[in-house]
Structures are given as structure tokens and as C-alpha cells.
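Before any comments, here is the structure.
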Ligand SMILES: [Mg+2]
Ligand SMILES: [Mg+2]
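Residue numbers (the numbering used here), protein chains in the order written: chain A, 27 to 381; chain B, 27 to 381.
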């Protein structure tokens with residue numbers, strides 16, 4: 027019995043979560059996996075009820091769960107609140123309290139959505155399926171920083187720092203993920219310049235010895251930003267630091283042209299994970315039934331793969347999504363085809379899962 | 027009379043420089059601008075003669091010049107030398123001795139070379155002409171760094187630091203460059219996280235007040251890496267730090283698909299500049315007359331614009347290059363057309379300049 031805390035959040039978050047829960051329940055039936063699923067308030071909806079985006083009750087439930095499934099948070103209603111009282115502050119608090127240090131962002135281009143990619147068709151012949159594994163709790167985003175008055179104006183600084191342990195644990199997650207994929211890790215750094223990158227490369231090389239079945243190569247970050255555009259099919263898993271991962275995961279997402287399709291996972295070593303779509307709460311389309319639930323449904327697939335070790339069920343969901351897209355079903359954000367609303371798209375996934 | 031030190035360097039560097047010098051001499055005649063041009067050994071060729079890639083004689087000449095024109099350095103002959111004795115070490119020493127703190131990298135897609143871009147045609151309707159202005163002597167590439175033994179393994183760190191003065195001077199270069207273009211600066215930072223970025227944004231906002239004719243907007247670096255692919259025509263001048271500029275200038279270059287066409291300039295405030303093609307010494311094609319001289323010829327155009335304030339002559343060269351490409355003339359790296367060798371391409375630029 028796996029315990030799942032579900033945080034629908036705000037806007038379309040609530041709508042797409044409903045469809046993801048239908049899929050979870052279908053998977054439970056088909057594979058005989060039992061889930062204990064409970065919903066909790068989070069983000070703006072929690073602010074309205076408790077005055078805080080991440081209430082104690084929600085936190086306790088998340089900490090006791092095997093996985094957390096999140097919709098999306100935020101909206102104009104809460105935009106005037108102070109920084110640390112806004113729905114988005116709940117996201118940071120949630121990630122911190124779960125202590126998830128690995129952010130996994132797959133950039134997958136489903137072949138029937140090729141036309142949405144900004145890249146020319148000939149570059150996508152071999153498809154596009156890159157998983158960016160980004161270190162999430164270290165590096166320059168959390169290092170020592172400050173601003174001091176000097177003779178003329180100011181001097182401001184930030185510190186990029188990594189320890190052997192921080193690099194080891196994220197590297198293990200990347201190599202393990204590669205084992206379920208094409209068995210290739212590209213570690214990205216700036217080792218020709220940075221001390222932190224030289225340590226990164228050394229530790230990744232060490233960890234790779236435990237995964238002789240996985241190929242490892244190294245790329246400098248500036249070269250990687252070119253290679254992603256020039257020849258994206260060379261990549262399987264990209265392993266990188268917090269800052270480089272922030273840039274490269276967004277660049278890789280954009281190559282698919284369909285941000286409404288992209289799931290994500292944030293993990294720690296014991297398989298506990300937080301799963302959420304990359305898209306936001308889209309207040310402009312909330313309530314119109316136009317939201318695309320597939321990113322959240324694909325986040326459920328990641329949950330099955332990474333938290334519950336059920337690659338079979340995960341790939342089953344992915345296959346269903348791929349097939350219904352091939353057959354022309356779309357939500358309105360995906361361009362022309364047989365247009366379905368949020369609920370209809372959820373039902374269509376169920377139908378293809380049951381075929 | 028402008029003094030130009032010319033450093034042909036190694037490999038195809040020597041070949042493309044010859045063509046660039048023919049263009050300089052044609053410009054001198056057409057516009058009545060006088061140049062005092064002398065060649066000096068640099069890179070591998072200097073190692074062979076003096077045992078060092080940046081000999082004293084070359085340095086003295088560069089320091090006395092108004093501009094330095096560089097071909098390219100390096101080759102297999104010198105690959106086994108130690109790091110600080112290699113041709114590439116000469117590049118760092120050259121930039122340092124000239125004290126150039128602004129690196130300007132235009133990513134221009136000539137409309138007749140659209141097919142080389144990895145981007146779909148519909149994204150390039152409005153062309154692609156982005157100038158990345160990268161801070162070159164500060165930031166994390168030059169900050170305090172170290173690696174220390176800790177209880178378990180090591181901790182390594184690097185420091186991203188900027189002062190008001192460093193940001194001011196690079197901002198002025200970006201705003202001035204924008205005045206000769208579409209009058210738009212996009213400053214790229216990570217001000218939602220980094221102290222150095224918050225100072226960056228504040229100072230850029232201040233400097234912008236002196237350029238009321240230039241529009242300024244700000245983007246986070248991760249968003250910019252997406253926007254470059256999603257909608258490259260939104261950009262005119264991108265102003266950013268050393269590290270972000272390293273990544274974004276390479277990403278922007280790749281969008282053109284024609285690295286053999288890309289010039290660069292490295293400047294300081296007094297208009298002294300170093301001009302060089304982005305491509306390397308390409309030892310594999312050296313001596314075959316296949317080298318494309320256009321990146322070096324376009325570097326001469328940048329020299330005319332930035333060091334000699336002759337936008338008219340600079341644009342004349344750009345127009346000539348654009349027109350001969352429209353008429354189907356190509357070097358072999360540019361795909362099919364009327365294929366010219368290095369010398370023939372140089373002569374063709376002269377012919378179009380004289381029309
Ligand atoms: Mg980001
Ligand atoms: Mg670079």
C-alpha cells in the first residue's frame with residue numbers, strides 16, 4: 027500500500043489533478059497496486075483557509091507519504107501578498123521539507139507533436155527524449171552571498187559550492203535513471219574554469235565505476251547549450267548542477283514546443299518523491315475545461331517509475347498517451363486535431379489504458 | 027591613421043587573414059581611411075620562433091595599436107605542450123594584456139543561409155540578428171575559488187562577484203551598441219536568486235537613464251535560454267555576465283547554423299578592440315583553400331564600427347557579403363551554391379564592395 031498525498035493547489039491544478047487521479051485508479055485496478063490517496067490544501071487555496079500556503083496538516087501528511095502529487099499554485103487573487111506569504115513560497119517550503127535534492131525534467135517530443143517543436147524536422151528524425159537531472163538543493167542558489175558598500179558603489183557576490191557527498195547522491199540518481207533508458211549519462215560542467223566543476227567531474231567519474239553498463243561523457247555547459255539545438259538526439263540523461271540545470275532543463279523543454287506535456291519529479295535517495303507538471307496554474311483558462319491534463323498524468327507515470335519501481339505501469343501510461351496523440355486526439359493547446367476538453371482527455375487516457 | 031596589429035596565427039587563421047586584409051585595403055581606398063597595418067607572430071607560429079605564444083614584440087605592438095585583428099590559433103603540432111605553453115594560452119594572455127572587458131558576439135542569420143539554421147523557417151521570418159554583449163573579465167571565471175578537504179571528501183567553491191563599476195562599464199558598451207541597431211537591450215540575470223544579479227539589474231537600470239532612446243527589459247537566464255529558441259526575433263542586444271554570456275552567446279550562434287560566418291569583438295571603453303572570427307584554426311582543412319574568410323571579413327566590419335566609428339564602411343561590407351550570398355556564392359562549409367575557394371571568396375567581396 028503506497029501512501030500518496032495529493033495537493034491540487036489552484037487554478038487548473040485542481041482540474042488536471044482530477045484526471046491524474048482517474049488514471050491512478052485505473053492503474054491500481056489493472057496492476058493490482060494499492061494506493062492510499064488523500065487530498066490536502068496547498069498554495070492559494072490553503073492561504074484562503076489557513077493564511078499560509080503550506081499548512082502544518084499538509085506538511086505532516088506529505089512527510090508521512092511515499093509520494094506527493096502536486097497540481098499547480100498561484101493566481102491573481104494572491105499576487106499582492108508579500109513574497110513569503112505567496113502561494114509560490116509554499117513550493118519552496120514543500121521542496122525543503124521533503125528534502126528532495128534531485129529534480130528530473132524529461133523533455134520528450136511525441137512524434138505526432140513534432141510540428142510544435144521549433145526545430146526543423148530533420149533534426150528530430152530520431153525523436154527527442156532527454157532527461158535533465160538537476161541538483162536542486164546546493165550550488166549557487168543556496169551558497170553564501172552578500173552585498174557590501176565599497177569605495178565606489180557596491181560589490182555583490184554569490185558562492186557556487188559543492189561537496190563530494192552532494193555530487194555523489196545526485197550522480198547515483200542520474201545513473202540509476204539512465205538504466206531504465208538508453209544507458210547514457212552526459213555530465214555537464216565548466217571544469218576548464220571552475221573548481222566546483224572539477225570536483226563535480228571527479229566525483230561523477232568515481233560514481234560511474236559502479237555503473238559499468240552506463241556510458242558516461244562530459245560536456246562543458248556552453249557546448250551543451252549548443253549541442254541541445256544542433257543534435258538533441260545525442261542525449262539520454264543530462265546530469266548537472268542547480269544553476270546549469272535551471273538553464274538547460276528550460277532550454278530542453280522549449281525544444282519540444284509543448285510545455286503542456288511536460289512532467290517533473292523531485293527525488294531524494296529513499297525513493298520518496300514530489301511529482302508535478304512543469305506548467306503553472308494558468309488562471310486565464312481555469313474553469314474553461316481547456317486545461318491539458320497530460321503533463322500531470324505523465325507525472326503519475328514518473329511516480330510509478332521512480333517512487334514505486336513500476337516501470338511497466340509507467341510505460342503503459344506513456345504508451346496510452348502516445349497512441350491517443352497518434353490517433354489525433356488533442357487538447358486545444360496542442361494545435362489542430364480532434365479537440366477534447368480536460369475531462370474527455372482524462373477519459374481517453376483511461377480508454378487507451380484499457381485496450 | 028589607425029594602427030592595426032594583425033596576428034594571423036595558425037592553420038586557416040593565416041589564410042582568412044589574407045582575405046580580410048584585402049578588404050581592409052579596399053575600404054581604405056573607397057573611404058579614404060588610412061591604416062598602418064603590421065603582422066606579428068602569435069600562437070603556434072610564435073611558439074616555433076620564440077618558444078612562447080605571445081612574444082614580447084607582439085605584445086608591445088598590440089598595446090600600441092588602435093585595434094588587433096586575429097586569425098585563429100592552435101593545431102596538432104602544439105597539442106602535447108603544457109597548458110600555459112600552448113597556443114590557446116596566448117589568447118588569454120592577449121585579452122588580459124589588452125584589458126578588454128566586453129565581448130561582442132553577433133549571431134546573424136543571412137536570409138540566404140536560412141536553411142542552415144536548426145530552427146523552422148516560420149521562426150525566422152523576421153530574420154535573426156542578436157548581439158550578445160558578454161562581460162569578459164569579471165564574474166565567477168575570475169572570482170575567489172578553492173577546494174578543501176572536509177570530513178567526507180572535499181568541498182569546492184567558486185565566487186560570482188560583480189562591482190558597480192564593472193557592471194556600469196559593460197552596460198555602457200551594450201547601450202551604445204544598441205544605438206547603432208534596433209535600440210533595444212535585454213539584460214539577462216538571475217535576480218530572483220542571486221545578490222550579484224540584483225546589483226547587476228539595479229546598475230543596468232541606472233545606466234539606462236542615460237540612454238532614453240534605448241528600450242531596456244530584463245529576463246532571467248533560464249527564460250532567456252528558452253526565448254532564444256522560441257522567438258529569437260524579439261532580441262536586439264543581450265547584455266549579460268561572463269558565465270551567462272558564455273552559455274547564451276554559444277546558444278545564439280548555434281541558431282544561425284553557420285559558425286563559419288560569425289565575427290566577434292572584445293572591447294574596452296576607449297574603443298581599442300580585438301577582432302577575431304568565432305571559428306578556430308581548423309587544422310583539418312588548412313592548406314586546402316576551403317576556409318571561409320567571411321567571419322574574419324565581418325570581424326573587420328566590427329572593427330570599423332566599434333574602433334573607428336565608421337558604421338558606413340562596416341555596413342558596406344555587411345551589404346556586400348549579404349548580396350553575394352543572395353547571388354548564390356558559397357564556400358564549401360555553407361552548403362550548395364556556386365562554390366568558391368578562400369581567395370575567390372575574398373575577391374568576390376571586393377567585387378561587390380566596388381559595385
Ligand atoms: Mg528555470
Ligand atoms: Mg563558450
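Note that beta-carbon positions come from the ideal geometry of N, C-alpha and C, so glycine has one too.
Per DSSP, cross-strand counterpart(s) of residue i
i: residue 389(B); result: One cannot answer for residue 389(B) here, as it falls past the ends of chain B, which runs 27 to 381.
i: residue 276(A); result: Bridge partners of residue 276(A): none, in fact.
i: residue 28(B); result: 61(B)
i: residue 35(B); result: 98(B)
i: residue 163(B); result: Its beta-bridge partners do not exist; DSSP assigns none.
i: residue 155(B); result: 134(B)
i: residue 145(B); result: 145(A)
i: residue 264(A); result: 158(A) and 212(A)
i: residue 128(B); result: 161(B) and 293(B)
Alpha-carbon spacing of residue i relative to residue j, whole angstroms
i: residue 268(B); j: residue 185(B); result: 12 Å
i: residue 358(B); j: residue 316(B); result: 7 Å
i: residue 361(A); j: residue 355(A); result: 10 Å
i: residue 243(A); j: residue 228(A); result: 12 Å
i: residue 91(B); j: residue 350(B); result: 32 Å
i: residue 377(A); j: residue 152(A); result: 28 Å
i: residue 73(B); j: residue 50(B); result: 28 Å
i: residue 222(B); j: residue 154(B); result: 30 Å
i: residue 340(A); j: residue 325(B); result: 53 Å
i: residue 44(A); j: residue 68(A); result: 15 Å
i: residue 352(B); j: residue 42(A); result: 50 Å
i: residue 404(B); j: residue 52(A); result: Nothing about residue 404(B) can be read from this structure; chain B reaches only from 27 to 381.
i: residue 257(A); j: residue 177(A); result: 48 Å
i: residue 216(A); j: residue 201(B); result: 29 Å
i: residue 234(B); j: residue 373(A); result: 53 Å
i: residue 33(A); j: residue 246(B); result: 28 Å
i: residue 102(A); j: residue 36(A); result: 11 Å
7 Å Cβ cutoff, residue i in contact with chain B
i: residue 144(A); result: yes
i: residue 247(A); result: yes
i: residue 273(A); result: yes
i: residue 251(A); result: yes
i: residue 285(A); result: no
i: residue 307(A); result: no
i: residue 210(A); result: no
i: residue 184(A); result: yes
i: residue 255(A); result: yes
i: residue 117(A); result: no
i: residue 282(A); result: no
i: residue 167(A); result: yes
i: residue 149(A); result: yes
Nonlocal neighbours in the same chain, by C-beta distance under 7 Å from residue i, ignoring five residues either side
i: residue 169(A); result: 184, 185, 186 and 187
i: residue 117(B); result: 99
i: residue 370(A); result: none
Sequence-distant residues of its chain with Cβ nearer than 6 Å to residue i (five each side left out)
i: residue 180(B); result: 173
i: residue 6(A); result: For chain A, the structure presents residues 27 to 381; residue 6(A) sits outside this window and is missing.
i: residue 123(B); result: 85
i: residue 300(B); result: 94, 124, 126 and 292
i: residue 330(A); result: 336, 339 and 340
i: residue 88(B); result: 31 and 94
i: residue 161(A); result: 196, 267 and 268
i: residue 259(B); result: 152
i: residue 192(B); result: 164
Short CB-CB distance (under 7 Å) between residue i and chain A
i: residue 173(B); result: yes
i: residue 219(B); result: yes
i: residue 225(B); result: yes
i: residue 232(B); result: no
i: residue 180(B); result: yes
i: residue 276(B); result: yes
i: residue 133(B); result: no
i: residue 191(B); result: yes
i: residue 222(B); result: yes
Own chain residues within Cβ distance below 8 Å of residue i, not counting five before or after
i: residue 254(A); result: 156, 261, 274, 277, 278 and 281
i: residue 304(A); result: 131, 279, 285, 288, 289, 290 and 321
i: residue 240(B); result: 201, 204, 205, 209, 210, 211 and 234
Along the chain, which unbroken stretches of the alpha helix (DSSP H) at least 4 residues long are found entirely within the region 281 to 367 of chain A? 320 to 332 and 337 to 352
Whole runs of the alpha helix (DSSP H) within the region 39 to 117 of chain A, excluding any shorter than 4 residues: 70 to 76 and 82 to 89
If we require 4 or more residues per run, which alpha helix (DSSP H) segments fall completely within the region 171 to 252 of chain B? 190 to 205 and 221 to 234
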